[in-house]
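Count along the sequence shown from 1, then add 138; that gives the number in the numbering used here.
Quick notes on the structure that follows.
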Amino acid sequence: GRAEFMGFAAVSLAFTALSSGRAWEAGILTASLLLFTTGFLVSRVFASASLMDGKDRNFSVSRLYAADLLGACLGSLLASLIFIPFFGIAASGLVMAGMALIMGFGL
């Protein structure tokens with residue numbers, strides 16, 4: 139679990155570095171690589187979390203899926219309505235990196 143959150147922090151910091159200056163001209167390959175890495179890390183966290191509860195797999199997976207949908211909904215709303223408009227893309231990336239580090243180290 140800790141490695142996945144460190145990966146999220148690294149992706150967030152890479153996104154922050156790319157969002158400053160003229161780095162957006164890096165192109166679609168860079169954006170695709172960041173999206174692929176993020177999707178891979180999300181699937182790793184989802185798989186790890188589904189294996190944590192050994193009791194009733196169907197109930198655990200359905201709760202996990204519901205939490206995933208709720209988290210994605212709240213995250214997209216927070217990012218699009220609060221973080222990016224008020225703080226900008228670079229600062230939002232730093233906030234996400236900080237949150238990933240907090241989750242990774244369990245602070």
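All residues carry an ideal CB built from backbone N, CA and C; glycine is no exception.
Just the Cα atoms here: how many angstroms apart are ALA187 and LEU202? Straight-line Cα distance between these residues: approximately 8 Å.
Buried or exposed, going by whether 16 or more other CB atoms sit within 10 Å of the CB of GLY231? Answer is buried; the Cβ neighbour count reaches 16.
State buried or exposed for SER150, treating a residue as buried only when at least 16 other CB atoms are found within 10 Å of its CB. SER150 comes out buried.
Where does LEU189 fall in DSSP's three states? Reduced to three states, the DSSP call for LEU189 is coil.
Verify whether the separation of the beta carbon atoms of PHE174 and ALA238 is less than 7 Å. For PHE174 and ALA238, no; Cβs fall outside 7 Å.
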